[in-house]
Amino acid sequence: MEQTAGGVTAAKGFMAAGVAAGVKYKDRKDMALIYSERPCMVAGVFTSNVVKAAPVLWDREIVSAGRDVHGVIVNAGIANACTGAQGYDYCHRTAAAAAAALGVSEDSILVASTGVIGMQLPMDKIVTGVSYLADLKAASIEAGDDAAHAIMTTDTVAKQVAVTVTLGGRTVTIGGMCKGSGMIHPNMCTMLGFVTTDVCMTKELLQEALSGDVQDTFNMISVDGDTSTNDTLLLLANGQAGNPIISSRGEDYAIFCEALHFVNETLAKKMAGDGEGATALFETKVVHAASKEEARILAKSVICSSLTKAAIFGHDANWGRILCALGYAGVNFDPEKIALYFTGKSGKILIYEGGKAADYSEEEAGKILSEPEVTVVVDMKMGEASASAWGCDLTYDYVKINADYRS
Numbered sequence: 161m162e163q164t165a166g167g168v169t170a171a172k173g174f175m176a177a178g179v180a181a182g183v184k185y186k187d188r189k190d191m192a193l194i195y196s197e198r199p200c201m202v203a204g205v206f207t208s209n210v211v212k213a214a215p216v217l218w219d220r221e222i223v224s225a226g227r228d229v230h231g232v233i234v235n236a237g238i239a240n241a242c243t244g245a246q247g248y249d250y251c252h253r254t255a256a257a258a259a260a261a262l263g264v265s266e267d268s269i270l271v272a273s274t275g276v277i278g279m280q281l282p283m284d285k286i287v288t289g290v291s292y293l294a295d296l297k298a299a300s301i302e303a304g305d306d307a308a309h310a311i312m313t314t315d316t317v318a319k320q321v322a323v324t325v326t327l328g329g330r331t332v333t334i335g336g337m338c339k340g341s342g343m344i345h346p347n348m349c350t351m352l353g354f355v356t357t358d359v360c361m362t363k364e365l366l367q368e369a370l371s372g373d374v375q376d377t378f379n380m381i382s383v384d385g386d387t388s389t390n391d392t393l394l395l396l397a398n399g400q401a402g403n404p405i406i407s408s409r410g411e412d413y414a415i416f417c418e419a420l421h422f423v424n425e426t427l428a429k430k431m432a433g434d435g436e437g438a439t440a441l442f443e444t445k446v447v448h449a450a451s452k453e454e455a456r457i458l459a460k461s462v463i464c465s466s467l468t469k470a471a472i473f474g475h476d477a478n479w480g481r482i483l484c485a486l487g488y489a490g491v492n493f494d495p496e497k498i499a500l501y502f503t504g505k506s507g508k509i510l511i512y513e514g515g516k517a518a519d520y521s522e523e524e525a526g527k528i529l530s531e532p533e534v535t536v537v538v539d540m541k542m543g544e545a546s547a548s549a550w551g552c553d554l555t556y557d558y559v560k561i562n563a564d565y566r567s
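Numbering (the working numbering), first residue to last: 161 to 567.
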C-alpha cells in the first residue's frame, strides 16, 4: 500500500468540482460534485439518530435498492433536516437537476447536506449551483480539492487522503474526503464522508467491507457526544482499475480492506483533530483487554469524558478523570491491576499502576500534554484485545462557536 496525492479524484474515472452557490455562505465554496461517467456500485452507512435528514432517507433508499449511481451532490450551510415532505422533495429536485445536467437518471444521483437544522434549501441557488458543478467537473487533484473545501462548515481544514494497492496485477486506488468538526459522535456519523475507488468488486463485499470497517474508524471518534441527523458515509466503486472481480473473501479482499481501513482511519482522525475549537488530537489506546468490544467501550468512554478533555486542554495530568471514565464505561475490571501511560512525540511516561499514582514528573507529563497529538495508553492486563478511539480537547472556543452557530 502506498499513499498518493489527492482525494476523491485519485481513482480512475472520477471527477469532482466545488463552487460558491451562495446557499448560506457569502464568501466561500458551498456546493460540491463527485461524478463517474461509468456507473458505480455504492455502499453506505448512515446515522443511527431517529431524526434523520431528508438526504439520509434519499440515499438510504438508493443504497438499499442496490441501484448503480453516477454521482453525489453535496451542499454545506443548510442540513435539510427536520424539513418535512418539502425537504425530501428538494432532494428529488436536486437529483433531477443533476441528472439533466449530466445526462444520467435521477435515481443514480445521491445527495448530501450539512449545516443548520430546520432551514429549507434555497432551490434556485441549488439548481444554479448544480449547473455550474456539471460544467466545471474535472478529474484533477485541484478539482477534488475544490470539492473537499466546498463541503466544510466549521471545519478549519479540508480533509482528504488517497492510497494505491496492487490487486490481481492491477493498480487499485482508494481516495476520500470528509467533513466534520462539531456534532460529531458517529454511531452507524454533522459528519459527511465520501470514498471513491476504481476496484472491481461485488456490491455485497463492498458493503461488507465498509460496514465492518466503520466500527473501528468513524464510530471510534467523538468531538462532543452528539450524533448528527445527517451522518453519511458513501463508498463508490466504478470498476475501472480492471482487476479481476473480487467476489470472495480472499487475499485481494483482505488487501482492499486494509487500504480502506487506512483511508477511513486517516479521515476519522482528521475530523477528531479538527473538532470545533480544538488544539489537540486526543487518542486513547486500550491494550490487553478481555475482548474487542470491551476495548472499544473503554477507549471511547475516555475520549468522550468532558472532564478529561478539559484536562487535556489545560495540559493537566489529571489521571483520576481517566480512571473515572473507565470505571463508568460499563466494563468490569480490577482498577489495581491496570496501568496508564501518557505518550507523545517527546516520550512515554507511566502515570498510574497498582491502584495508585506512579512516580512521574508533572513537568514531563505537562510537556507531553502540550503536544498537538496526545495519547493515553490503558493497559488492562486482562487479555489480548485492543482498540483505539480519537477525540479532541475541550476548549473555550467550542462554546463560543456553538453559542452563535445559527447567527
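Beta carbons: idealized from backbone N, C-alpha and C, even for Gly.
These numbers were taken from a predicted model, which means no experiment stands behind them.
Between the alpha carbons of A318 and A310 lies a distance of about 9 Å.
Note that the C-beta distance between G328 and A449 is not below 8 Å. Listed in chain order, the non-local C-beta contacts of P404 below 6 Å within the same chain comprise G328, local neighbours out to five positions each way being set aside.
Cβ-Cβ distances below 7 Å link A180 to R188, K189 and D190 in the same chain, with the five nearest sequence neighbours on each side left out; the list follows chain order. In the DSSP secondary-structure assignment, V202 is bridged to L396. For A547 and I511, the gap between their C-alpha atoms comes out near 20 Å. D539 sits in a strand when the DSSP states are folded into three classes. Beta-carbon to beta-carbon, V271 and P199 are separated by about 17 Å, too far to satisfy the 8 Å threshold. Linking D564 to V264 through their CA atoms gives a straight-line distance of about 41 Å.
DSSP places V359 in the coil class of the three-state scheme, outside both helix and strand. Fewer than three Cβ pairs drawn from the stretch 394-410 and the stretch 451-467 lie within less than 8 Å of each other, which leaves the two stretches out of contact. Checking the DSSP bridge columns, you'll see S196 partnered with F174. When the alpha-carbon of G304 is set against those of G226, A401 and F174, the nearest one is in F174. By the neighbour-count definition (other C-beta atoms within 10 Å, threshold 16), K460 is a buried residue. Each residue's CA atom was taken as its position, placing V202 and K297 some 20 Å apart. If you check the CB distance, E425 and T377 come in under 8 Å. Exclusion of the five residues before and after H252 leaves W218 and E266 as the residues of its chain whose Cβ lies within less than 8 Å of its Cβ. Its chain contains A428, R456, A459, K460, A547, S548, A549 and W550 as the residues whose beta carbon lies nearer than 8 Å to that of M380, once the 5 sequence neighbours on both sides are disregarded; these appear in chain order. In terms of Cβ geometry, V229 and I269 form a close pair [threshold 8 Å]. Counting only the Cα atoms, V446 lies some 17 Å from G515. In the DSSP assignment, T254 forms no beta bridge with any residue. Rounded to whole angstroms, G336 and F422 show a C-alpha spacing of 11 Å.
At a Cβ-Cβ threshold of 8 Å, C242 and G278 count as neighbours.
Between A308 and G167, the beta carbon gap of about 6 Å places them in contact (Cβ cut-off 8 Å). F378 carries a helical assignment under DSSP once its states are collapsed to helix, strand and coil. Look at R330 here: in three-state DSSP terms it is strand. Of the candidates L467, N398 and I334, the residue whose Cα lies closest to the Cα of E162 is I334. Out of I472, K505, V462 and S466, the CA that lies nearest to the CA of G490 is found in V462. Listed as beta-bridge partners of F354 by DSSP are M337 and L394.
For K508, the three-state secondary structure derived from DSSP is strand. G507 has its alpha-carbon roughly 42 Å from the corresponding atom of A397.
Only residues of its own chain outside the window of five on either side were considered, and among them C417, L420, H421 and N424 have a CB closer than 7 Å to the CB of D373, listed in chain order.
Beyond the five residues adjoining it in sequence on each side, D553 comes within less than 7 Å, by CB distance, of A438, T439, A440, F442, K469, I472 and F473 in the same chain, given in chain order. According to the DSSP assignment, I301 belongs to the alpha helix (DSSP H) that extends over I301 to A310.
An exposed status is given to Q246, since fewer than 16 other beta-carbon atoms sit within 10 Å of its beta-carbon.
Non-local C-beta neighbours of V223 in its own chain, meaning closer than 6 Å and more than five positions away in sequence, comprise V202 and G204, ordered along the chain.
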